[in-house]
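Chains as they are written, first to last, in the working numbering: chain A, 1 to 217; chain B, 1001 to 1217.
C-beta atoms are modelled at their ideal positions from N, C-alpha and C, and glycine is treated no differently.
A short worksheet on the structure shown next.
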DNA sequence: TGACAATGTTACCGATCCGTAACATTTACT
DNA sequence: AGTAAATGTTACGGATCGGTAACATTGTCA
């Protein structure tokens, strides 16, 4: 009833769509296979005939999300050919959309993060994906002329992850809605400032802080 | 066995400590009352005699975390009296510590965010706390001379939330370990730049992006 | 010591959830 | 039409979990 609004393809696809939707909304541990089967307008038996277990279903959902992320990335590259700065700006905007738009595979990726300290095979899969995306983004930032690309990507990663979390808990009134201007500002800052200046400023602030802390143990 | 390492006070305190510890590690829905009682070196019956239900226990844990957060804030204010900039810098460092240190009540607060779309009484409690903390931080930023204090607090909120999430999933090798320099840089940026310049730069970037998008529909 | 409160132990109930078995029904293809 | 595969339905098993009942044990204080 929730998912599978389009013209209802085979049950396998309906189940995957419903599962991804419900995993996003309730978390992986927060939804049962019965509810997934019902939302897919199917039943538990066909679900288990296509996917041997709930864990397998989770893994397939993650693979689909990864494929969409791949398309997401390729679309950025082809839409702004040979223009790293435009690609980076495009990435920020699309990431902002992915945060607020309901149908967002990012939420699925971080839902996998709920499987902490379990031997779930999806864990390694998601971590490898994350590393790949960050590596790509670092390269893009470098091409766009960012000196400390790693730190910028770290900042963007934290912002995206925080925005997803904030959106889910605080909704459209939370700070997540200001993700795009914030990310834009940080990107602009990294591009307009020389690395030396940034490092100097950071070192100075760090030194001040250390002194402060030592003065008040 | 996990918690209650200190000299084992009354069962009520041991249970609260164990519950907070396990809620952080496994999430609220990821741990059962039996495991909590065992970790507290107690049993389920005394747990239910002190706390009528698991939800009540969750609520008490959140109240304790809120009390610690209150002390955290007061400590910042008293350690750096009449020095908003130092207070803000101190906040950044302490927030960074809270992310990486195991015993961190922040993780408990966002664990409550796992109770999405449920009528859990802890939801409203946590949301009110979040609003209070953000309001205080906005005031502090304004005292420190930040023009667009709301946007800075939004950025810091997303960074903190993202760093907590990232730390839990990526651990000490993730981007969360770079929270402090990133936050410092953003704070410095907000303090050193006039608002008009920032807005101008954002508007320009926004306009560029819109043109780009329109050119490639 | 005695009495009462706090705590511990065991067993159980009902609900939920993952997964399976057996059988009925529909769909697809020749 | 007819056959086989895919799908749907019902019921069940085993495990876990929140919560309770009954009884045993320990601690506390007069």
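Between residue 1153/B and chain A, is there a C-beta pair that is closer than 9 Å?
Position 153 of the second chain holds residue 1153/B. At least one chain A Cβ lies under 9 Å of residue 1153/B.
Please state if the CB of residue 1017/B and the CB of residue 1037/B are separated by a distance shorter than 9 Å.
Counted from its first residue, the second chain places residue 1037/B at position 37. Counted from its first residue, the second chain places residue 1017/B at position 17. Not in contact: residue 1037/B and residue 1017/B (Cβ atoms no closer than 9 Å).
Does chain A have any CB closer than 9 Å to the CB of residue 1127/B?
What you label residue 1127/B is simply residue 127 of the second chain in a count that begins at 1. With 9 Å as the cut-off, residue 1127/B counts as an interface residue toward chain A.
Whole angstroms is fine: what's the gap from residue 51/A's alpha carbon to residue 122/A's?
Counted from its first residue, the first chain places residue 51/A at position 51. Counted from its first residue, the first chain places residue 122/A at position 122. If I take the Cα positions, the gap works out to 15 Å.
Per DSSP, what kind of secondary structure is residue 1115/B in: helix, strand or coil?
What you label residue 1115/B is simply residue 115 of the second chain in a count that begins at 1. If DSSP states are grouped into helix, strand and coil, residue 1115/B belongs with coil.
Span of the alpha helix (DSSP H) holding residue 121/A?
Taking the first residue of the first chain as position 1, residue 121/A is located at position 121. Counting along the chain, the alpha helix (DSSP H) containing residue 121/A begins and ends at 121 to 143.
Between residue 181/A and chain B, is there a C-beta pair that is closer than 9 Å?
Residue 181/A sits at position 181 when you count from the first residue of the first chain. Interface residue, yes.
State the CB to CB distance for the pair residue 1183/B and residue 1159/B, rounded to an integer number of angstroms; the pair is presumed to be in contact (CB under 8 Å).
By 1-based counting over the second chain, the position of residue 1183/B is 183. By 1-based counting over the second chain, the position of residue 1159/B is 159. Their Cβ separation, rounded to whole angstroms, is 6 Å, which keeps residue 1183/B and residue 1159/B in contact under 8 Å.
How would you list, in chain order, the residues of chain B whose beta-carbon sits under 9 Å from the beta-carbon of residue 178/A?
The residue you call residue 178/A lines up with position 178 of the first chain. Under the 9 Å cutoff, chain B gives 1150, 1151, 1154, 1155 and 1158.
Might you give, ordered along the chain, the residues of its own chain that have their beta carbon closer than 6 Å to the beta carbon of residue 12/A, omitting 5 neighbours on each side?
In the first chain, residue 12/A corresponds to position 12, counting from 1. If we look at residue 12/A and ignore the five residues flanking it on each side, its Cβ neighbours are 50.
Distance check for residue 190/A and residue 148/A, CA to CA, integer angstroms please.
Position 148 of the first chain, counted from the first residue, corresponds to residue 148/A. Position 190 of the first chain, counted from the first residue, corresponds to residue 190/A. Their backbone Cα atoms lie some 7 Å apart in a straight line.
Go through its chain and collect everything with a Cβ distance to residue 1070/B's Cβ below 8 Å, but skip five positions before and after it.
Translated into positions along the second chain, residue 1070/B becomes position 70. Contacts found: none.
7 Å Cβ cut-off: residues of chain B touching residue 189/A:
The residue given as residue 189/A occupies position 189 in the first chain. Going along chain B in sequence order, the residues near residue 189/A (Cβ under 7 Å) are 1189.
At least one CB of chain B closer than 9 Å to the CB of residue 195/A: is that the case?
By one-based count along the first chain, residue 195/A stands at place 195. Confidence is the limiting factor: at residue 195/A the pLDDT is only 47, short of 50, which leaves the residue's position unreliable and the question unanswerable from this model.
Three-state secondary structure (DSSP) at residue 1248/B?
For residue 1248/B there is no data in the structure shown, the boundaries of chain B being 1001 and 1217.
Is the Cβ-Cβ distance between residue 125/A and residue 63/A less than 9 Å?
Translated into the one-based positions of the first chain, residue 125/A becomes position 125. Translated into the one-based positions of the first chain, residue 63/A becomes position 63. Cβ atoms of residue 125/A and residue 63/A: closer than 9 Å.
Residue 163/A vs residue 155/A beta-carbon contact at 9 Å:
Indexing the first chain from 1 puts residue 163/A at position 163. Indexing the first chain from 1 puts residue 155/A at position 155. The answer is no: Cβ separation not under 9 Å.
At the 9 Å Cβ level, is residue 130/A part of the contact set with chain B, yes or no?
Numbered from 1 along the first chain, position 130 holds the residue referred to as residue 130/A. Yes - at least one Cβ of chain B is within 9 Å of the one on residue 130/A.
Can you find a CB in chain A that lies within less than 9 Å of the CB of residue 1042/B?
Counting from one through the second chain, the residue named residue 1042/B turns up at place 42. Answer no: the Cβ-Cβ gap between residue 1042/B and chain A never drops below 9 Å.
When you compare the CB positions of residue 1100/B and residue 1181/B, do they come within less than 9 Å of one another, or not?
Taking the first residue of the second chain as position 1, residue 1100/B is located at position 100. Taking the first residue of the second chain as position 1, residue 1181/B is located at position 181. Cβ distance not < 9 Å, so residue 1100/B and residue 1181/B don't count as in contact.
Could you tell me the distance, in whole angstroms, from the CA atom of residue 47/A to the CA atom of residue 1165/B?
Working through the first chain from its first residue, we reach residue 47/A at position 47. Working through the second chain from its first residue, we reach residue 1165/B at position 165. Going from the Cα of residue 47/A to the Cα of residue 1165/B covers about 31 Å.
Should residue 1101/B be flagged as near chain A, meaning a C-beta pair shorter than 9 Å?
The residue given as residue 1101/B occupies position 101 in the second chain. So, not an interface residue.
Restricting to Cα atoms, I'd like to know which of 1075/B, 1083/B, 1024/B and 1084/B is closest to residue 1058/B.
Here residue 1058/B refers to the residue found at position 58 of the second chain. Looking at the Cα atoms, 1024/B is the closest of the given residues.
Leaving out five residues on either side along the sequence, give the residues of the same chain with a beta carbon under 6 Å from the beta carbon of residue 1137/B.
For this step, residue 1137/B is matched to residue 137 along the second chain. Here the set comprises 1153.
Residue 1032/B: buried (16+ other C-beta within 10 angstroms of its C-beta) or exposed?
Translated into the one-based positions of the second chain, residue 1032/B becomes position 32. It is exposed - the Cβ of residue 1032/B has fewer than 16 other Cβ atoms within 10 Å.
Could you tell me whether the Cβ atoms of residue 1027/B and residue 29/A are closer together than 9 Å?
Within the second chain, numbered from 1, the residue matching residue 1027/B stands at position 27. Within the first chain, numbered from 1, the residue matching residue 29/A stands at position 29. Taking 9 Å as the Cβ cut-off, residue 1027/B and residue 29/A qualify as a contacting pair.
Tell me whether residue 189/A sits in a helix, a strand or coil according to DSSP, three-state version.
Position 189 of the first chain holds residue 189/A. Looking at residue 189/A - three-state DSSP - the assignment turns out to be helix.
Can you list, in chain order, the residues of the stretch 1002 to 1036 of chain B whose Cβ is nearer than 8 Å to any Cβ on chain A?
1025, 1026, 1027, 1029 and 1030
Would you kindly work out how many angstroms separate the C-alpha atoms of residue 130/A and residue 169/A, rounded to a whole number?
The sequence position of residue 130/A within the first chain is 130, counting from 1. The sequence position of residue 169/A within the first chain is 169, counting from 1. So the alpha carbons of these two residues sit roughly 23 Å apart.
Span of the alpha helix (DSSP H) holding residue 1166/B?
On the second chain, residue 1166/B is found 166 positions in, with the first residue counted as 1. Unbroken alpha helix (DSSP H) run through residue 1166/B: 1149 to 1170.
Please report the straight-line C-alpha distance between residue 1022/B and residue 1141/B, rounded to a whole angstrom.
As a working mapping, residue 1022/B is identified with position 22 in the second chain. As a working mapping, residue 1141/B is identified with position 141 in the second chain. Residue 1022/B and residue 1141/B: Cα-Cα distance of roughly 34 Å.
Beta-carbon of residue 1162/B versus every beta-carbon of chain A: anything under 9 Å?
Position 162 of the second chain, counted from the first residue, corresponds to residue 1162/B. It does: the Cβ of residue 1162/B has a partner Cβ on chain A nearer than 9 Å.
Counting only C-beta atoms, is residue 61/A closer than 9 Å to chain B at any point?
In the first chain, residue 61/A corresponds to position 61, counting from 1. Not closer than 9 Å to any Cβ of chain B, the Cβ of residue 61/A fails to qualify, so no.
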